[in-house]
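Participant: Following this message is one structure expressed as structure tokens.
There are 2 protein chains.
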Amino acid sequence: MPDVKNDALPGQRPDQMPEPDRLGAELSDAVVLFHEAIGSLMGLSAADHKALGILGREGPMSAGELAERTALTAGAVTGLVDRLERAGLAGRERDPGDRRRLVVTASRPGDPRVAEAFAGLGAAMAEVTAHFSPDQLAAIAEWVALTSEALRAQAAAIAARREA
Amino acid sequence: MPDVKNDALPGQRPDQMPEPDRLGAELSDAVVLFHEAIGSLMGLSAADHKALGILGREGPMSAGELAERTALTAGAVTGLVDRLERAGLAGRERDPGDRRRLVVTASRPGDPRVAEAFAGLGAAMAEVTAHFSPDQLAAIAEWVALTSEALRAQAAAIAARREA
DNA sequence: TGATATCTTTTAGTCTACTCAACCATTTAG
DNA sequence: CTAAATGGTTGAGTAGACTAAAAGATATCA
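So the sequence lines, in the order shown, correspond to chains A and B. Take 1 as the starting number for the first sequence in UniProt numbering and just add one per residue. Take 1 as the starting number for the second sequence in UniProt numbering and just add one per residue.
Okay, structure coming up:
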């Protein structure tokens with residue numbers, strides 16, 4: 001069974017890992033690789049990309065909330081949003097209800113190369129899907145959900161231990 | 001079926017995505033989150049973490065090769081290896097055959113917290129595995145392999161288009 | 001209304017990691 | 001054996017992004 005745990009474990013080369021771990025490590029690497037490729041295509045640093053991900057996932061939020069979610073200071077968030085805005089990836093709007101507040105919204109990237117990249121991945125994934133029966137796909141979906149949860153929980157545990 | 005393509009696509013919120021895409025995005029996010037947690041636990045920047053990943057995956061290599069693989073200059077690699085060495089994550093050795101060359105080797109992290117984190121993930125994943133039959137696990141393993149390949153291919157395509 | 005609190009931006013200073021170029025050490029070629 | 005080439009390090013200078021603190025704008029409360 002696949003498993004992601006060895007991805008960042010140096011000192012053990014892929015060809016020495018048990019098969020399931022190797023697969024997990026490869027998936028993890030591939031995800032990160034794709035992330036990086038998209039990021040560099042957009043001209044974003046990892047931190048900016050992460051912030052954009054938060055915005056995309058959780059929807060528009062105020063600068064202060066974004067600061068909290070990214071663990072940055074308010075000043076740093078101003079610069080962050082500047083960069084995203086300049087790249088055409090996010091927008092600033094004043095909150096009509098409270099005009100001190102700022103609402104930062106992720107906008108769909110206008111860059112056609114980015115759209116193309118996602119379209120390419122979509123097509124490739126459609127092909128992957130075609131290899132499996134509905135039952136198998138259901139199992140895969142469940143595995144993905146459980147694995148995501150496990151990864152999140154571990155990440156949270158690490159962060160918690162870090163605080164202590 | 002799961003699909004990773006929307007992960008970095010802002011402008012579409014998770015609750016508006018089709019189910020399979022949402023799952024893929026979540027897995028992708030979770031992988032990245034875990035990566036970051038481990039990285040911060042080791043006190044590594046994203047770039048350092050990436051370099052360590054290359055070393056772990058491809059085995060020991062010379063500083064020059066590492067420079068090429070990371071797209072950094074020679075000087076920057078010196079600093080990079082300094083940091084990794086200081087953190088106890090990599091070692092420098094002179095190549096006995098050509099004593100100008102340096103062989104950089106990733107070493108298993110001595111930090112018990114890192115080992116603990118990986119052990120925790122291993123246990124969690126074992127539990128996930130227990131939910132599935134051997135046939136299902138086989139399908140999952142295949143999906144993971146195919147998806148990794150697709151992600152890698154897309155990342156490579158992006159990089160190639162970028163050069164042009 | 002005036003005082004105070006909240007949210008963001010600005011400014012000044014710092015830190016880190018990078019590039020480029022000069023510099024050692026070693027190897028290879030003439 | 002010297003001259004040129006190769007591999008890595010060192011040092012100067014630079015750029016980007018961060019923090020902290022002051023400032024600006026708006027809101028809330030008495």
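Positions of the beta carbon are idealized from the N, C-alpha and C atoms, including for glycine.
Using a threshold of 9 Å, state whether the C-beta atoms of A/A109 and A/G88 are closer than that.
Facilitator: Note on residue identity: the sequence assigns Pro, not Ala, to residue 109 of chain A. At a Cβ-Cβ threshold of 9 Å, A/P109 and A/G88 count as neighbours.
Participant: Is the CB of A/A67 under 9 Å away from at least one CB in chain B?
Facilitator: No Cβ of chain B is located within less than 9 Å of the beta carbon of A/A67.
Participant: Should the stretch 25-34 of chain A be regarded as contacting the stretch 55-70 of chain A, the criterion being three or more beta carbon pairs within less than 8 Å?
Facilitator: Three or more beta-carbon pairs separated by less than 8 Å are not found between the stretch 25-34 of chain A and the stretch 55-70 of chain A, which leaves the two stretches without contact.
Participant: Quick check on the burial criterion: 16 or more other C-beta atoms within 10 angstroms. Buried or exposed for A/G39?
Facilitator: Buried, since its Cβ has 16 or more Cβ neighbours within 10 Å.
Participant: Return no unless some Cβ of chain B is closer than 9 Å to the Cβ of A/V128.
Facilitator: yes
Participant: For A/A119, count the other beta carbons within 10 Å of its own beta carbon; 16 or more makes it buried, fewer makes it exposed. Which is it?
Facilitator: exposed
Participant: Taking Cβ positions only, does A/L23 come closer than 9 Å to chain B?
Facilitator: yes
Participant: Answer yes or no: do B/T70 and B/G91 have a C-beta to C-beta separation smaller than 9 Å?
Facilitator: Contact flag unset, no.
Participant: Tell me whether A/L121 sits in a helix, a strand or coil according to DSSP, three-state version.
Facilitator: helix
Participant: With which residues is B/A106 paired in a DSSP beta bridge?
Facilitator: B/A90
Participant: Residues of the stretch 69-100 of chain B in Cβ contact with chain A at a cutoff of 7 Å, in chain order, please.
Facilitator: L89
Participant: Just tell me which of A/T147, A/A30, A/H131 has its CA closest to the CA of B/A30.
Facilitator: It is A/T147.
Participant: Express the C-alpha separation of A/M42 and A/A115 in angstroms, rounding to a whole number.
Facilitator: 11 Å
Participant: What would DSSP say about A/S148, mapped onto helix, strand or coil?
Facilitator: helix
Participant: Please compile the residues from chain A whose C-beta is within a distance smaller than 9 Å of the C-beta of B/D48.
Facilitator: Near B/D48 there are no residues of chain A at all, since even the closest Cβ is about 11 Å away, more than 9 Å.
Participant: Assess contact between the stretch 151-160 of chain A and the stretch 133-149 of chain B, defined as three or more Cβ pairs (one per stretch) separated by less than 8 Å. Is contact present?
Facilitator: no
Participant: With DSSP run on the structure shown, which of helix, strand or coil describes B/N6?
Facilitator: Below a pLDDT of 50, predicted positions are generally treated as unreliable, and B/N6, at 41, falls in that range; no measurement from the model is reported.
Participant: Give the interface partners of A/A63 over in chain B, defined as CB-CB distance under 9 Å, in chain order.
Facilitator: Those within 9 Å of A/A63 in chain B number zero; the least Cβ separation is about 16 Å.
Participant: Mind checking if A/V32 is an interface residue toward chain B, Cβ cutoff 9 Å exclusive?
Facilitator: yes
Participant: Return no unless some Cβ of chain A is closer than 9 Å to the Cβ of B/M1.
Facilitator: Any reading at B/M1 must be qualified, since the residue scores a pLDDT of 37, below 50, and its modelled position is unreliable; no value is offered.
Participant: How would you write the range of the alpha helix (DSSP H) that A/H49 sits in, first residue to last?
Facilitator: 46-58
Participant: What span of residues does the alpha helix (DSSP H) with B/L66 cover, start to end?
Facilitator: 63-70
Participant: For A/R100 and A/E65, what's the separation of their Cα atoms in angstroms?
Facilitator: Rounded to the nearest angstrom, the two C-alpha atoms are 14 Å apart.
Participant: Pick from A/A63, A/S133, A/P112, A/D135: whose alpha carbon is nearest that of A/E93?
Facilitator: A/A63
Participant: How would you list, in chain order, the residues of chain A whose beta-carbon sits under 7 Å from the beta-carbon of B/A159?
Facilitator: A37
Participant: With distances taken from CA atoms, which of A/T78, A/M125, A/R86, A/L72 is nearest A/L102?
Facilitator: A/T78
Participant: Using the Cβ count rule (16 or more neighbours within 10 Å means buried), how would you classify B/G53?
Facilitator: buried
Participant: Since A/L80 and A/A51 are thought to touch, with beta carbons under 8 Å apart, how far apart are those beta carbons, to the nearest angstrom?
Facilitator: 6 Å
Participant: If B/A130 sits next to A/L121, beta carbons under 8 Å apart, how far is it from one beta carbon to the other, in whole angstroms?
Facilitator: Not really, about 31 Å apart at Cβ, beyond 8 Å.
Participant: Mind pulling the chain A residues with CB within less than 7 Å of B/D111?
Facilitator: Those do not exist, as B/D111 stays about 12 Å from chain A at its closest Cβ, beyond 7 Å.
Participant: Taking CB distances under 9 Å as the criterion, tell me whether A/L27 reaches chain B.
Facilitator: yes
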